[in-house]
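Okay, structure first, notes after.
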Amino acid sequence: MTNLQFYFHDTLSGKNPSAVRVAQASKMADKSPTLYGMVMMVDDPLTETPDPKLKLVDRAQGLYGSASQAEPGLIMVFNFDFTEGMYKGSSISILGLNSVMNPVQEMAIVGGTSIFRLARVYAIAQTHWFESCLWRCYSWVQCYNCSLGHT
């Protein structure tokens, strides 16, 4: 069993956003308080600490979409590609609902590559920081704790 911890930095605004909107339900997402029907493509940095200026250990690449009409809930499909250290060249794949306003979110680890080939078990995410205006997110940081069973 391998346990990992890192911080996910998602930035939707500014000069260099790490997430961009690629699709939305026709005008529904703009009217919905939860942005229901919106899909974002991401290439987010993952760091060892909440400070985005510190060492990059990984990239989160994939997409998420607003899947709930009642509360902010994102269906997330990500590959975490390790770019440094002993896991360099390996990746893990995560799938699940991330209810960002809940104190703890649990998502499934559904696979991996290299050292993490056939990885399974779970990832626990906790929102560390969230900047928004009327549910419109501008940026957020989540701490991920991943427990991996692998070959």
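Converting from the sequence shown to the working numbering requires adding 3 to each position, the first position being numbered 1.
We put the CB at the ideal spot given by N, CA and C, even for glycine.
Here the structure is a predicted model, which means the values were calculated and not measured.
Cross-strand partners of residue i (DSSP beta bridge)
i	result
Glu109	Ile127
Met43	Arg24, Tyr67
Met79	Tyr67, Gly99
Pro48	Arg62
Leu38	Partner(s): none; Leu38 has no beta bridge.
Gly115	Ile95
With 16 other Cβ atoms within 10 Å as the buried cut-off, status of residue i
i	result
Val144	buried
Met4	exposed
Thr14	buried
Ser69	buried
Met41	buried
Ala79	In the sequence under discussion, the amino acid at residue 79 is Met, which differs from the Ala named in the question. Looking at its Cβ environment, which holds 16 or more other Cβ atoms inside 10 Å, Met79 is buried.
Val60	buried
Ser94	buried
Leu156	Coverage of the chain is limited to positions 4 through 154, which leaves residue 156 absent and any answer about it impossible.
Gln108	buried
Rounded Cβ spacing between residue i and residue j (contact assumed at less than 8 Å)
i	j	result
Met89	Gly99	So it is not a contact: roughly 26 Å between Cβ atoms.
Ser16	Ser142	7 Å
Gly115	Ser96	6 Å
Gln129	Cys149	Gln129 to Cys149, Cβ: 12 Å. No contact.
Residue span of the beta strand (DSSP E) that contains residue i, given as start and end
i	result
Ile95	94 to 101
Tyr9	Here residue 9 is Phe; the residue named in the question, Tyr, does not match the sequence. From DSSP, the beta strand (DSSP E) with Phe9 extends over 5 to 14.
**Request:** For the segment 41 to 48 and the segment 61 to 76, state whether three or more C-beta atom pairs, one from each stretch, are separated by less than 8 Å.
**Result:** Taking 8 Å as the limit for Cβ pairs, the verdict is that the segment 61 to 76 does touch the segment 41 to 48.
**Message:** Count Cβ pairs between the segment 20 to 40 and the segment 50 to 61 that sit closer than 8 Å; are there 3 or more?
**Reply:** The segment 20 to 40 makes no contact with the segment 50 to 61: fewer than 3 CB pairs, one atom from each, lie closer than 8 Å.
**Prompt:** Between the segment 31 to 41 and the segment 79 to 95, do three or more beta carbon pairs fall short of 8 Å?
**Reply:** The answer is no - the segment 79 to 95 does not touch the segment 31 to 41, with fewer than three Cβ pairs under 8 Å.
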